[in-house]
Amino acid sequence: MIKNKTSDGHHRSAPIFKKCTNIRSLKQIHAYIIVNRLTSVRRFIRELVYTTAMSVVGDTLEYAHQVFAQIRKPDMFMWNTMIRGSAESPNPVQAIAVYARMYNRCVKPDEYTFPFVLKACTKLSWVKTGLAIHGRVERFGFGSNAFVRNTLLFFHANCGDLEVAAKLFDASAKADVVAWSALTAGYARRGDLEVARKLFDDMPVKDVVSWNVMITAYAERGEMERARKLFDEVPERDVVTWNAMIAGYVHCGSNEPALELFEEMSRIGGCPDEVTMLSLLSACADLGDLENGEKIHNKVLEMSSGDMSTLLANALVNMYAKCGSKEKALEVFWLIREKDVASWNSIIGGLALHGHAEESINLFKEMQSTTISPNETTLFGVLAACRQAGKVDEGYEYFDLMRSKYKIEPTIKHFAIMVEMLGHAGRLKGAFDFIDSMKIEPSAIIWRILLGACRIHGDVELEKRANEQLLRMRTGQGGDCVLLSNTCFKSFPGRQSKTNPLRGVEISEVGFASTNKVFSMPTAMVELNGFELWEEA
173 MIKNKTSDGH HRSAPIFKKC TNIRSLKQIH AYIIVNRLTS VRRFIRELVY
223 TTAMSVVGDT LEYAHQVFAQ IRKPDMFMWN TMIRGSAESP NPVQAIAVYA
273 RMYNRCVKPD EYTFPFVLKA CTKLSWVKTG LAIHGRVERF GFGSNAFVRN
323 TLLFFHANCG DLEVAAKLFD ASAKADVVAW SALTAGYARR GDLEVARKLF
373 DDMPVKDVVS WNVMITAYAE RGEMERARKL FDEVPERDVV TWNAMIAGYV
423 HCGSNEPALE LFEEMSRIGG CPDEVTMLSL LSACADLGDL ENGEKIHNKV
473 LEMSSGDMST LLANALVNMY AKCGSKEKAL EVFWLIREKD VASWNSIIGG
523 LALHGHAEES INLFKEMQST TISPNETTLF GVLAACRQAG KVDEGYEYFD
573 LMRSKYKIEP TIKHFAIMVE MLGHAGRLKG AFDFIDSMKI EPSAIIWRIL
623 LGACRIHGDV ELEKRANEQL LRMRTGQGGD CVLLSNTCFK SFPGRQSKTN
673 PLRGVEISEV GFASTNKVFS MPTAMVELNG FELWEEA
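For the sequence shown, counting from 1, position 203 maps to 375 in my numbering; every step adds exactly one.
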């Protein structure tokens, strides 16, 4: 049962939302509350806001915002929960927007409000907004609160004023391990690892967060030996410790050690989370390791009870596509309930790169019938597919759609793939005309692509033109030197080149990136009763 009545006639809340295992069951309970007119029971609504805002059973933050918008008079717990959930999400600007609404409704904040607003400012590097919030903290008298002070210290150490951070690090702060960790993390994030390490070494007491700060700092900068040394010394590890090392190895291209570390984590009973799985799937994708990829997939299913996040599903699609398992990539893709643009990018780009051009193009056509708009990565994947299939005219159509329909300005990689498409098809004059029509300066790679195509198709005159342009750029890159020396060698009558035949520049060299995180933060402005907080991303 969802409700019980106490002796005074009020509803008593049972831990109903703890039984939720996925978004579907969460929505069912919410529907039950509405149908049975329990929306006036504050405890149920508080629990609903918390469960959705904190994404307890999946990515439910947007659902939380929908629920929150329907609440006439949210209490302080609800406001703070929405700010916290938004601040900890991939889109922390929502936390500042919620705070702005709270401010405009003249709701007085408490000591739990500002730390998460400041956390959002730190994640966004919104210095001006953070300074304004610091002013509000002092105005409301929360500056002496340890929780607020530590968050202020972390903000200033990371992106604000280091002198202010140093002043906040007073005698009382030095007795707090959280303050030590905050200041250490700030210096580490700014790249001053020597100061960060000195602070770390001077800490009178180190907790797991302190160790994680330094391990993460070294790992993010590719100093894996120093990271590993600390990792081996840490008295107690949590999932963040393991994630820092695994992600660090993957970032450096040391994918095998990342997988080995996960095996070690599993042996000692460590509990991985979504971040762990994302790093491991990236490692398997880079290695083309289908066997381990399938093992990770099984672990994901075990952890998520079959209801995984879209982010994880996208990573699985990307992994299977890069490992050449088209069937599994498509199987996972079609099982994603709430596909986003990254879902489509993973499958369209993955199939294109592995020679399944027709299916890639057909999937893009299907995407066009949905409400999801393609982005520049999507269009690059489609153009890559057209290149593979030799569909030059269709490629032109999609290229034109970028500006005319989707308002996407082509980047150098889109121009490059078009030149490659034309060159691959032998339409060399068309490729030159296309380059002449570009609104941006052609890069060296574009001329290298065209020079290679001219050599393959034996057009000496156009080859010389491309050669002249590339010489003028004087990039000094190895690839240019090879092509240019081959061109000069060939220009001597009666000489046969003894070098290996020129290989065409492949799509991967142009720079296709199938990413699962597509965030574009525009300039944001929040008006707070007479003054504006604004930042540029």
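Every residue, glycine too, gets a C-beta built ideally from N, C-alpha and C.
On the CB-based measure, 16 or more other CB atoms within 10 Å of its CB, does residue i come out buried or exposed?
i	result
Arg361	buried
Tyr370	Residue identity check: residue 370 is Lys in the sequence provided, not Tyr. Exposed is the call here.
Asp461	buried
Ala416	buried
Asp180	Low per-residue confidence applies at Asp180: pLDDT is 37, beneath 50, and the placement is therefore not dependable, though the value from the model is reported in the following sentence. The residue is exposed, with fewer than 16 neighbouring Cβ atoms inside 10 Å.
Arg215	exposed
Gln560	buried
Glu118	The chain is shown from 173 up to 709; residue 118 falls before or after that span and cannot be answered.
Lys291	buried
Ile255	buried
Thr542	exposed
Gln200	exposed
Pro407	exposed
Leu150	No answer is possible for residue 150: the residues shown for the chain start at 173 and end at 709.
Gly643	The sequence shown places Leu at residue 643, not Gly. Its Cβ having fewer than 16 others within 10 Å, Leu643 is exposed.
Arg439	exposed
Arg277	exposed
Compute the Euclidean distance between the alpha carbons of residue i and residue j, then round it to the nearest angstrom.
i	j	result
Gly527	Cys558	10 angstroms
Lys537	Ile544	12 angstroms
Trp471	Leu484	Note that residue 471 corresponds to Lys in the displayed sequence, not to Trp. The straight-line gap from Cα to Cα measures roughly 12 angstroms.
Ala446	Gly425	It is worth fixing the name first, because residue 446 is Glu in this sequence and not Ala. Roughly 20 angstroms separates the two Cα atoms.
Ser227	Leu233	6 angstroms
Leu324	Lys494	43 angstroms
Ser353	Met396	20 angstroms
Arg509	Arg409	35 angstroms
Asn547	Val564	21 angstroms
Met574	Leu551	7 angstroms
Gly624	Val299	48 angstroms
Phe314	Ile305	11 angstroms
Asp404	Asn517	39 angstroms
Met716	Gly363	Beyond the ends of the chain as shown, which are 173 and 709, falls residue 716; an answer cannot be given.
Arg627	Gly562	19 angstroms
Arg118	Thr224	A question about residue 118 goes unanswered here, because the residues of the chain that appear run from 173 up to 709.
Asn490	Trp506	13 angstroms
Glu592	Ala389	40 angstroms
What did DSSP end up calling residue i once you bin it into helix, strand or coil?
i	result
Lys511	coil
Gln540	helix
Lys611	coil
Gly358	helix
Glu335	helix
Cys558	helix
Tyr568	helix
Phe216	helix
Glu283	coil
Met406	First, the residue type needs correcting, since residue 406 is Val and not Met in the sequence shown. Here Val406 sits in coil by DSSP.
Gly257	helix
Ser316	coil
Asn534	helix
Val341	Looking at the sequence shown, residue 341 is not Val but Phe. Note: Phe341 maps to coil in three-state DSSP.
Glu710	The displayed coordinates of the chain run from 173 to 709. Any statement about residue 710 would go beyond what the structure contains.
Glu395	coil
Pro264	coil
Arg321	helix
Ser197	helix
Thr388	helix
Ala269	helix
Gly425	coil
Asn658	The pLDDT assigned to Asn658 is 48, lower than 50, so where the model puts this residue is not dependable; a value taken from the coordinates is nonetheless given after this. DSSP places Asn658 in helix when its eight states are reduced to three.
Ala347	coil
Gln242	coil
Asp364	coil
Report, in whole angstroms, the separation of the C-beta atoms of residue i and residue j, which I expect to be a contact under 8 angstroms.
i	j	result
Ala556	Gly521	7 angstroms
His328	Val336	5 angstroms
Phe286	Val270	Not a contact, Cβ separation roughly 13 angstroms.
Ile217	Ile243	6 angstroms
Ile584	Ile612	7 angstroms
Leu488	Leu453	6 angstroms
Val385	Thr413	The pair is not a contact, with the Cβ atoms about 11 angstroms apart (cut-off 8 angstroms).
Gly553	Ala524	5 angstroms
Ile607	Ala588	About 10 angstroms; that fails the 8 angstroms criterion.
Thr604	Met590	According to the sequence provided, residue 604 is Phe. The question's Thr does not apply to it. Phe604 to Met590, Cβ: 12 angstroms. No contact.
Trp251	Val279	6 angstroms
Does chain B have any CB closer than 8 angstroms to the CB of residue i?
i	result
Leu334	Protein chains in the displayed structure number just one, and chain B is not present.
(request) Return the chain-ordered ranges of every alpha helix (DSSP H) run that is complete within the region 440 to 494 and spans a minimum of 4 residues. (result) 446 to 459, 462 to 476 and 482 to 494
(request) Output the residue ranges of the alpha helix (DSSP H) runs that lie fully inside the region 288 to 314 and measure 4 residues or longer, sorted by chain position. (result) 299 to 311
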